[in-house]
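Chains as they are written, first to last, in the numbering used here: chain A, 72 to 183; chain B, 13 to 128.
Read the structure below first, then the notes.
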């Protein structure tokens with residue numbers, strides 16, 4: 072299936088831990104994104120990579136570090152997790168010159 | 013900076029009745045406008061988009077939206093609602109003039125509740 076896939080789907084971890092979320096797309100898109108959806112369902116962009124180059128870096132704590140090994144993958148590493156990091160994280164992708172995004176199904180992160 | 017406003021947190025409609033979910037936008041140039049739907053515990057699914065051309069855009073599942081430049085609005089509509097349309101709907105805008113740094117900015121979402 073052509074899609075944007077994220078792993079894991081659910082992640083429960085303790086404060087202070089370090090965790091990673093992985094994202095892969097097989098749509099041939101050249102731009103990938105991370106969005107955070109908070110408990111009120113508000114969606115906010117965090118990062119964007121175009122052909123492995125960071126092009127959008129919103130005001131995000133530097134505990135969050137994205138990595139794009141190639142244009143089909145965009146991972147998100149989070150250090151020293153805090154309670155406020157609990158949210159659903161969505162990966163998305165698009166093609167330059169195209170208009171909309173394709174979203175993954177999300178990773179629900181719960182920090183306890 | 014671009015922004016989107018969805019003035020209603022929730023819209024309630026009876027099955028079979030027409031529905032409208034409101035959206036207004038603010039962007040410096042001509043906007044790219046989108047509607048996405050999110051079902052519980054799922055990702056966002058694309059419904060429709062306006063890029064240019066006809067102001068009335070038709071999308072998935074019988075939804076349509078009307079672009080109104082003078083009112084800076086892009087309201088989502090459906091002639092006859094179904095219970096299965098109950099979900100969270102997001103309007104989004106993209107500024108096409110920022111090149112590869114262009115990003116989708118979402119509204120706060122409107123929960124649509126369709127009842128029998």
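C-beta atoms are modelled at their ideal positions from N, C-alpha and C, and glycine is treated no differently.
All values reported here derive from a predicted model rather than from experimental measurement.
Do residue 49 of chain B and residue 99 of chain B have their CB atoms nearer than 7 Å?
-> The answer is yes: Cβ separation under 7 Å.
If we count Cβ pairs, one from each stretch, closer than 8 Å, do we get three or more for the region 24-31 of chain B versus the region 100-115 of chain A?
-> With a cut-off of 8 Å on Cβ pairs, the region 24-31 of chain B is not in contact with the region 100-115 of chain A, counting fewer than three such pairs.
Rounded to a whole number of angstroms, what is the C-alpha to C-alpha distance between residue 73 of chain B and residue 60 of chain B?
-> Straight-line Cα distance between these residues: approximately 10 Å.
Nearest-angstrom Cβ-Cβ length linking residue 151 of chain A and residue 120 of chain A, presumed shorter than 8 Å | With 8 Å as the limit, residue 151 of chain A and residue 120 of chain A do not qualify as a contact, their Cβ atoms being about 23 Å apart.
For the region 86-101 of chain B and the region 76-87 of chain A, state whether three or more C-beta atom pairs, one from each stretch, are separated by less than 8 Å.
-> The region 86-101 of chain B is not in contact with the region 76-87 of chain A.
Which residue comes first and which comes last in the beta strand (DSSP E) that contains residue 106 of chain B?
-> Where residue 106 of chain B is concerned, the enclosing beta strand (DSSP E) stretches over 99-106.
Would DSSP call residue 128 of chain B helix, strand or coil?
-> In the structure shown, residue 128 of chain B sits in coil (DSSP, three-state: anything other than H, G, I, E or B).
Would residue 160 of chain A count as contacting chain B if we go by Cβ distances under 7 Å?
-> No, because no Cβ of chain B sits closer than 7 Å to the Cβ of residue 160 of chain A.
Between residue 160 of chain A and residue 180 of chain A, which are expected to be in contact by the criterion C-beta below 8 Å, what is the C-beta distance as a whole number of angstroms?
-> Contact holds; Cβ gap of about 6 Å.
What three-state label does DSSP hand residue 101 of chain A in the structure shown?
-> Three-state result, residue 101 of chain A: coil.
What residues from the region 96-127 of chain A come within 7 Å of chain B, judged by C-beta to C-beta, listed N to C?
-> Flagged, chain order: 102, 112, 113, 114, 116, 119, 121, 126 and 127.
Can you list the alpha helix (DSSP H) stretches of 4 or more residues lying completely in the region 96-158 of chain A, in chain order?
-> Listed in chain order, there is nothing to give.
Burial state of residue 156 of chain A (16 or more Cβ within 10 Å) | Taking a 10 Å sphere around the C-beta of residue 156 of chain A, we find 16 or more other C-beta atoms and assign the residue as buried.
Option nearest residue 92 of chain A by Cα separation, candidates A:183, A:182 and A:178 = Closest by alpha carbon: A:178.
Could you name the residues of the same chain whose beta carbon sits closer than 7 Å to that of residue 121 of chain B, not counting the 5 residues immediately before and after it, in chain order?
-> Taken in chain order, the residues that qualify are 18, 100, 101 and 102.
Looking at the unbroken beta strand (DSSP E) that takes in residue 80 of chain B, where does it start and where does it end?
-> That run of the beta strand (DSSP E) goes 76-80.
Cβ-based contacts, 7 Å cut-off: residues of the region 114-126 of chain B near chain A | For the region 114-126 of chain B, residues whose beta-carbon sits nearer than 7 Å to a beta-carbon of chain A comprise 115, 116, 118, 120 and 121.
Where DSSP assigns a beta bridge to residue 38 of chain B, which residues make up the other side?
-> Residue pairing by DSSP places residue 38 of chain B opposite B:15 in a beta bridge.
Length of the line joining the Cα atoms of residue 126 of chain A and residue 124 of chain B | Roughly 34 Å separates the two Cα atoms.
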